[in-house]
Amino acid sequence: MIKFVADSACDLKDYPSICFETVPLSISTDERNYTDDNSLNVHEVLDYLESYNDRSYTACPSLDAWLKAFEGADEIYAVTITSGLSGTYSGANVAKDIYLSEHPDAKIYVVDSLSTGPGMVLILEKLAELKAKGKSFDEVCSAIEKYRRKLRLFFSLSSLHNLAQNGRVSKLIASAIGFMNIKILGTASKTGTIEQVAKCRGSRKMIDRIVSELKEIGFTKGKIRICHVECMEFANAVADKIRSIFDCSDIKIVPARGLCSYYAERGGIILGCECE
Ligand code: X90
64 MIKFVADSAC DLKDYPSICF ETVPLSISTD ERNYTDDNSL NVHEVLDYLE
114 SYNDRSYTAC PSLDAWLKAF EGADEIYAVT ITSGLSGTYS GANVAKDIYL
164 SEHPDAKIYV VDSLSTGPGM VLILEKLAEL KAKGKSFDEV CSAIEKYRRK
214 LRLFFSLSSL HNLAQNGRVS KLIASAIGFM NIKILGTASK TGTIEQVAKC
264 RGSRKMIDRI VSELKEIGFT KGKIRICHVE CMEFANAVAD KIRSIFDCSD
314 IKIVPARGLC SYYAERGGII LGCECE
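For the sequence shown, the positions run 64 to 339 when our numbering is used.
Printed below as a string of structure tokens:
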């Protein structure tokens, strides 16, 4: 049996047409612990964290969760959030070694997305497409290694509080926003870490800046996937503008699950695109 597995940073809960499972990261404070599984109420977690004034944390999926997701399969494709910001990729590789020692005939490919949310979705879609075309395990692996390099990720955030608190961006960058309607535009670096692109005042300027970045990287008509943290309208406005400027019809928008919601925070969007 073939299984596709991703950690919960992919923002999908299900993927009809393939055998798909997600493994949860977790979000916690010293008094509560949330598992980013299908039953998590993201809205409630965001409310709670806004009212809670002490530190909060996240943690990788457990080895057990990966092993349970692998169970029963002999060909496995596992997609993780970037190894540049999380230990999830190494955790998945430990689980892979354990699984292979118990199922020596199985094949497992763990993909480091160097990205998150929408970037992981594009990789999952490509995996599903390659398998639907009957490609072998080795063909899929080499095609995905190439495809991964063609993806770009941008994000517009209204607060960097949780990223700074957990050491994923510098406190200096983080302190520059969070007031006067300033949003920050960032991108994923080649090694899957966070790079600041611009600061923009207001949604309209941010949308224009996203469009000019897409032009800059040579985006023309590839697929675009967007996740948003309780700001569907903003995500729609970004998508509408992109449709009006580029010859791009394949745009999909989903709400972020817990992990991306925690880091992107309310008002944040993350956009992944294919680029030549
Ligand atoms: O605890 C853990 O291992 C998870 C750590 C995840 C840290 C960053 C998640 C970022 C999510 C924010 C903007 C996107 C940045 C992506 C750059 C590659 C969303």
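Beta carbons are placed, not taken as given, at the ideal position from N, Cα and C, and that holds for glycine.
CB of residue i within 7 Å of CB of residue j, strictly
i    : j    : result
A132 : M64  : no
L148 : R231 : yes
Y97  : N225 : no
I90  : T121 : yes
K284 : D310 : yes
L187 : A158 : no
V301 : I270 : yes
G182 : L223 : no
F282 : C338 : yes
I139 : K66  : yes
C294 : G255 : no
Expected contact under 8 Å - CB spacing of residue i and residue j to nearest Å
i    : j    : result
L88  : V317 : Between V317 and L88 the Cβ distance is about 17 Å, and since that is not below 8 Å, they are no contact.
R118 : Q228 : 7 Å
D308 : V260 : Sequence inspection shows Ile at residue 308; the Asp mentioned does not correspond to that position. Not confirmed; about 18 Å, so no contact.
L185 : K253 : Not really, about 16 Å apart at Cβ, beyond 8 Å.
A237 : K262 : Contact doesn't hold; Cβ gap of about 12 Å is too wide.
G197 : C73  : Wrong, their Cβ atoms sit about 24 Å apart, outside the cutoff.
Neighbourhood of residue i by C-beta, 6 Å cutoff - its chain only, sequence neighbours within 5 removed
i    : result
V68  : E84, A132, A141
S71  : T85, P87, L88, D99, R320, L322
V203 : L193
I314 : I287, A302
N101 : K76
Sequence-distant residues of its chain with Cβ nearer than 7 Å to residue i (five each side left out)
i    : result
A327 : F218, L220, V292, A319, I333
L163 : A169, I171
I207 : V174, I186, K189, L190
Close-in-space but distant-in-sequence residues of the same chain around residue i (CB under 8 Å, 5 per side omitted)
i    : result
N244 : R264, G265
G150 : C123
L126 : G154, V157, A158, I161
F200 : E138, K170, Y172
A128 : V86, P87
N299 : I316
R272 : L248, V260, A261, C263
S233 : A227
V108 : I90, Y97, G321, S324, Y325
Cβ of residue i within 7 Å of any chain C Cβ
i    : result
D110 : Structure shown: chain C not included; a single protein chain is present.
Evaluate contact between the region 287–304 and the region 330–339, counting only Cβ atoms and requiring at least three cross-stretch pairs below 8 Å.
-> Under the Cβ criterion (8 Å, minimum of three pairs), the region 287–304 counts as touching the region 330–339.
Should the region 162–175 be called in touch with the region 107–119, which here means at least 3 C-beta pairs below 8 Å?
-> Here the region 162–175 does not lie against the region 107–119, with fewer than 3 beta-carbon pairs under 8 Å apart.
State whether the region 233–250 contacts the region 212–219, with contact taken as three or more CB pairs (one from each stretch) at a distance under 8 Å.
-> Touching, yes.
Kindly provide the ranges of any alpha helix (DSSP H) runs that are 4 or more residues long and lie completely inside the region 72–150, ordered along the chain.
-> Fully enclosed alpha helix (DSSP H) runs of 4 or longer: 105–114, 126–133.
Do the region 186–197 and the region 154–161 make contact, defined as three or more Cβ pairs closer than 8 Å?
-> Output reads no: the region 154–161 does not touch the region 186–197.
In chain order, which alpha helix (DSSP H) runs of at least 4 residues are fully inside the region 254–327?
-> Counting only runs of 4 or more, we get 266–279, 295–308, 321–327.
Would you list, in sequence order, the uninterrupted beta strand (DSSP E) runs of no fewer than 3 residues that lie entirely inside the region 209–254?
-> Under the rule that a run must span 3 or more residues, the beta strand (DSSP E) segments found entirely inside the region 209–254 read 214–220, 245–251.
For the region 157–199, list the beta strand (DSSP E) runs that are entirely contained and at least 3 residues long, ordered along the chain.
-> Counting only runs of 3 or more, we get 170–175.
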